[in-house]
Each structure stands twice: as structure tokens, then as C-alpha cells.
Amino acid sequence: MAMIESIGSLDKDSFVSLLSKLIGESKFVQNNPPELIPQEDLIVKHVLDSLRPYSTETGGGPLLINHVAYHKGRGNLIVEYPGSVPGKILSFVGMHMDVVTANPDDWEFDPFSLSIDGDKLRGRGTTDCLGHVALVTELMKRLGQTKPALRSTVVAVFIASEENSSIAGVGVDMLVKGKLLDKLKSGPLYWIDTADKQPCVGTGGMIPWKLHATGKLFHSGLAHKAINAMELGMEGLKEIQSRFYRDFPPHPQEKVYGFATPSTIKPTQWSYPGGGINQIPGDCTVSGDVRLTPFYDVKEVMTKLQGYVDDINTNIEKLETRGPVSKYILPDENLCGRLTISFDEASAGVACDLDSRGFHVLCKATEEVVGHVKPYSITGTLPLIRDLKDEGFDVQTSGYGLMATYHAKNEYCLLTDMCQGFDVFVKIISQLEQD
1 MAMIESIGSL DKDSFVSLLS KLIGESKFVQ NNPPELIPQE DLIVKHVLDS LRPYSTETGG
61 GPLLINHVAY HKGRGNLIVE YPGSVPGKIL SFVGMHMDVV TANPDDWEFD PFSLSIDGDK
121 LRGRGTTDCL GHVALVTELM KRLGQTKPAL RSTVVAVFIA SEENSSIAGV GVDMLVKGKL
181 LDKLKSGPLY WIDTADKQPC VGTGGMIPWK LHATGKLFHS GLAHKAINAM ELGMEGLKEI
241 QSRFYRDFPP HPQEKVYGFA TPSTIKPTQW SYPGGGINQI PGDCTVSGDV RLTPFYDVKE
301 VMTKLQGYVD DINTNIEKLE TRGPVSKYIL PDENLCGRLT ISFDEASAGV ACDLDSRGFH
361 VLCKATEEVV GHVKPYSITG TLPLIRDLKD EGFDVQTSGY GLMATYHAKN EYCLLTDMCQ
421 GFDVFVKIIS QLEQD
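Going by UniProt numbering, the residue at position 6 of the sequence shown is 6; the numbering climbs one at a time, nothing skipped.
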């Protein structure tokens, strides 16, 4: 308890001042290559300005700082507050220094400068994830200032390149590869990049797919001489969806983890080469994704989807048609309609370990600070944490922005939520001291 009192609560003025500097850089850390390549070192500079005075670099404090860049101007930052017991450690990871894009014309306020409206802190990155960068910086700064005698080492890892993976070899994956995070495996790793102040215990896998239908283009007044690729695509997809839901129904573990939805497959885009209203199209492509709860295997699903398509093609005469002249075979011309499916890069979901000490500590801290604890799961993707879990880290996740404004126009977070986040972090440290 004395330790909690010595660390204290969030310095709101210091936090808002730092966040203001970070949001002021948000325009330059938008991540959408090739047009927009973030320069995360612009964020690193402000974090370093806050922490250096309490570091071994300046002699002003105990913080150990390691700035690691694999691409010019795109650094990661590892900050360590040393404890007295070797191997006893906890970490806050995943506070990323890039943001998704924002179009100022669509916003009610300037996305690239911090504005304050009562409790609301507004701007791109306030919720995802520059608000967390500022919050964890303030935590490490406070440890550097107050120098509590901790048995645990506390590590913060600020990362580059979370929002877009098209440029490889920049962020946390490289830190893991370079074994810079290996010592974090001996204690809980808290990934601070979710929202709504509750533990997020499960995320989804994602399989992006394209279903291409090939028919025969013909005049719409002579429909009996065409194979309508749009109808083939629609009926083919309907059959694929019904087989998917039969083979991958809601899983019993989804209730345990509080998933909002089971696994789903649905179309999200439709394209065809163009043509007149009086032409039955010979080609079209339906694209979409599978969102998969972590209790099913991504590769198995992809194999099944390919199998569905192969079977539909083999038995194309059995596929539902639409009206008396709708068909997918023209015997006189020896022509058959055909479906092909292809996949973009897939990623697996993650189910956090509900029996781990790290999870129980997070729940207790959340309940004490927020007043209740209700872990939740979503089929949004966090592929980086799956990779960490596979590498042997005890990953737990939380966050103190707002899910309703995540990746949204008019993004904001609440200062009171961030204050509670700080208190949760301090209670986590305090509980783990007692082990």
C-alpha cells in the first residue's frame, strides 16, 4: 500500500501536455503505404524528452532506455525500471506510435491537433494508441521520479508499425526475432492497445478471400445462351456460407470467453468488368472475409473452403438456379460455369490464458479501480499478440480508450478513463510485488 501511495495517481497536466505533443505529430505517423509511411521517431523524441531526465543516460534516475530502429526514422523504444529480484518481471507492451489515416474534411474538429471538450481529449490517436503511449510514458516517468524499491523489473515497450504490415521488419516482430524481449517471458505481458477499460481475453483470426465466377457473356434478351456469372457467384457463395456454418458452428468456448459473435463468413465487396445493362456478365468477383474465433484452425478452414468450391464445380448442375432459363452449363457449346477461390494473407486469433497469474492480477486491479470486471472478446484481429503467445509470452490485453471511437472519425478518449488506467497499472505492479 505504501508503494501505491508513493507512486500516486496520474499527473493530468503532464499527461495532457505530452498527449498534445503526440497528437501534434499524428499527421506524420499515419500508416497507409506507399503514400503514407509513418515516422515513429517523431513520437519517440517526445517520449525520450519526458524520460531521459530520469534515466541512466543523464544520471538523473534509474531508467534504462533502448531506442531500436530497423528502418530509418521508424524506431521502437524499450524502457526498463530495474527491480531487485533477478528474473522477476512484468511488462506493458503494444503501445504503438503509428495511427490510421484521417481526412480532416470528414471530421468535426482537426484530427491532427489535440482539442479538449470537458473530459474528452480529441484527435487521431487519442484512443488508438497515442493516448496509451502518453499514459505508459507517464507511468515510467513516475517510477523514475519516485524510485520505489520494487522487487519486480517493470518494462515498457513502445512499438512502430502496428496499423499496417505491408512494410515488413519494422516493429515488435523484429524485437522478438532479435531476442530483445526474451526476458519478458518470465512474467505477465500486458498488451495495452484495446479499449473500454476491461480485459480483452480473445480476438479473432481473419481470412480474406476472393471468389471469382466465370460464366458466358451474352445479350440479356437471349438469356438461354448465357451463363450469368453474377447468379453463379451469388448462388455459389450462398452454398459456401451454408456449408461453413454447418462445419464451424458456435463453439462452446466462445461463451466462456464472452465473444460477441461466433465465426462468420460474409461478402464485403463486389466487382465485375463492366458492360451494358443489356449484357449478362461473363465474369464477376465477390470478396470478403472469414472472422474466426481462436478455437478453430485457420488452415483447416482455408482447406475446407477450397473443398467446397471444388465440390460445387464438380456438381455444378446441382447448384440452385434462378428461373427457367438460368443455368451454369451450355451442353451444345461444351461450356460450364466455374468458381475459383483465392486467399490473401490470413492471421489467427488468440485466446488469452484465463488461469494465468497475469490475468487474475489484471481482473482484481480492474475491479478495484473501475468498480467491476467483465472480460470480453471480439473477432477483431490483433495478429501481433497471437505471434507473442506462440513465442511463449503470457499475453493479457487491456486498454483505456473507447471502442466506439476506434479507427473512427472524430476519435476521442476520456481523461477520467486514462486516470483509471494509470491506477490499474499501479495496482498490477503492487499485486505482483506480493508474489
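From the three backbone atoms N, C-alpha and C, an ideal C-beta is built for every residue, glycine too.
Same chain, Cβ closer than 8 Å to residue i, five either side skipped, listed in chain order
{"i": "Thr321", "result": "Glu231, Glu235, Lys327, Tyr328"}
{"i": "residue 442", "result": "In the structure displayed, the chain extends from 1 to 435; residue 442 sits before or after that span and is not available."}
{"i": "Lys177", "result": "none"}
{"i": "Leu180", "result": "Asn66, Val68, Ile78"}
{"i": "Ser152", "result": "Gly83, Val85, Lys88, Ile89, Leu90, Gly187, Ile429, Leu432, Glu433"}
Three-way DSSP call (helix, strand, coil) for residue i in this model
{"i": "Ser152", "result": "coil"}
{"i": "Pro188", "result": "strand"}
{"i": "Lys120", "result": "strand"}
{"i": "Pro252", "result": "helix"}
{"i": "Tyr245", "result": "helix"}
{"i": "Leu175", "result": "helix"}
{"i": "Leu217", "result": "coil"}
{"i": "Cys419", "result": "helix"}
{"i": "Gln30", "result": "strand"}
{"i": "Thr126", "result": "coil"}
{"i": "Gly202", "result": "strand"}
{"i": "Tyr412", "result": "strand"}
{"i": "Ile207", "result": "strand"}
{"i": "Ile167", "result": "coil"}
{"i": "Leu10", "result": "coil"}
{"i": "Leu180", "result": "coil"}
{"i": "Ala348", "result": "coil"}
{"i": "Ala160", "result": "coil"}
{"i": "Ala195", "result": "strand"}
{"i": "Ile240", "result": "helix"}
{"i": "Ile37", "result": "coil"}
{"i": "His212", "result": "strand"}
Contact under 8 Å by Cβ, residue i with residue j
{"i": "Leu217", "j": "Gly233", "result": "no"}
{"i": "Ile207", "j": "Leu292", "result": "yes"}
{"i": "Arg122", "j": "Phe112", "result": "no"}
{"i": "Gly202", "j": "Ser20", "result": "no"}
{"i": "Lys197", "j": "Thr366", "result": "yes"}
{"i": "Gly61", "j": "Leu150", "result": "no"}
{"i": "Pro375", "j": "Pro267", "result": "no"}
{"i": "Leu64", "j": "Thr56", "result": "yes"}
{"i": "Val373", "j": "Cys363", "result": "yes"}
{"i": "Gly131", "j": "Leu51", "result": "no"}
{"i": "Val298", "j": "Gly205", "result": "yes"}
{"i": "Glu40", "j": "Ala195", "result": "no"}
{"i": "Met95", "j": "Asp193", "result": "yes"}
{"i": "Thr146", "j": "Ser26", "result": "no"}
Environment of residue i [buried if 16+ CB atoms lie within 10 Å]
{"i": "Gln30", "result": "buried"}
{"i": "Lys85", "result": "Per the sequence shown, the amino acid found at residue 85 is Val instead of Lys. Exposed is the call here."}
{"i": "Gln269", "result": "exposed"}
{"i": "Gln279", "result": "exposed"}
{"i": "Asn228", "result": "buried"}
{"i": "Ala125", "result": "In the sequence as presented, Ala is not what sits at residue 125; that position holds Gly. Flag for Gly125 reads buried."}
{"i": "Gly288", "result": "buried"}
{"i": "Val325", "result": "exposed"}
{"i": "Arg246", "result": "exposed"}
{"i": "residue 436", "result": "Only positions 1 to 435 of the chain appear in this structure, which leaves residue 436 out of reach."}
{"i": "Ala260", "result": "exposed"}
{"i": "residue 445", "result": "Summary: the structure shown does not reach residue 445, with the chain confined to residues 1 through 435, and so no result is reported for it."}
{"i": "Leu184", "result": "buried"}
{"i": "Leu42", "result": "buried"}
{"i": "Asn334", "result": "exposed"}
{"i": "His219", "result": "exposed"}
{"i": "Leu18", "result": "buried"}
Chain-order list of residues whose beta-carbon lies under 7 Å from that of residue i (same chain, five-residue window excluded)
{"i": "Leu10", "result": "Glu138, Met418, Cys419, Phe422"}
{"i": "Asp344", "result": "Pro208"}
{"i": "Met174", "result": "Tyr70"}
{"i": "Ile312", "result": "Gly236, Glu239, Leu319, Leu339"}
{"i": "Cys336", "result": "Ile316, Tyr328, Ile329"}
{"i": "Pro33", "result": "Asn164, Ser166, Ile167"}
{"i": "Val301", "result": "Ile207, Phe248, Val290, Leu292"}
heavy atom of the ligand MG below 7 Å from residue i C-beta
{"i": "Leu114", "result": "Among the ligands in the structure shown, none appear at all, so the ligand MG cannot be discussed."}
Contact set for residue i: own chain, Cβ-Cβ below 6 Å, skip 5 residues either direction
{"i": "Asp385", "result": "Sequence inspection shows Ile at residue 385; the Asp mentioned does not correspond to that position. Closer than 6 Å at Cβ, skipping near neighbours: Trp191, Val350, Val395."}
{"i": "Ile4", "result": "Val426, Ser430"}
{"i": "Val157", "result": "Ile78, Val93"}
{"i": "Phe244", "result": "Ile265"}
{"i": "Pro410", "result": "According to the sequence displayed, residue 410 carries Asn and not Pro. Only Trp107, Glu108 meet the Cβ criterion."}
{"i": "Ser342", "result": "Lys210"}
CB contact below 8 Å: residue i versus chain B
{"i": "Thr379", "result": "The structure shown contains no chain B; it holds only a single protein chain."}
Problem - 3 or more residues per run - each beta strand (DSSP E) lying fully within the region 261-346 - result: 264-271, 283-292, 338-343
Problem - Secondary structure, beta strand (DSSP E): runs of 3+ residues fully inside the region 350-402 - result: 394-398
Problem - Uninterrupted beta strand (DSSP E) stretches inside the region 53-115 (no shorter than 3 residues) - result: 64-69, 75-81, 89-96
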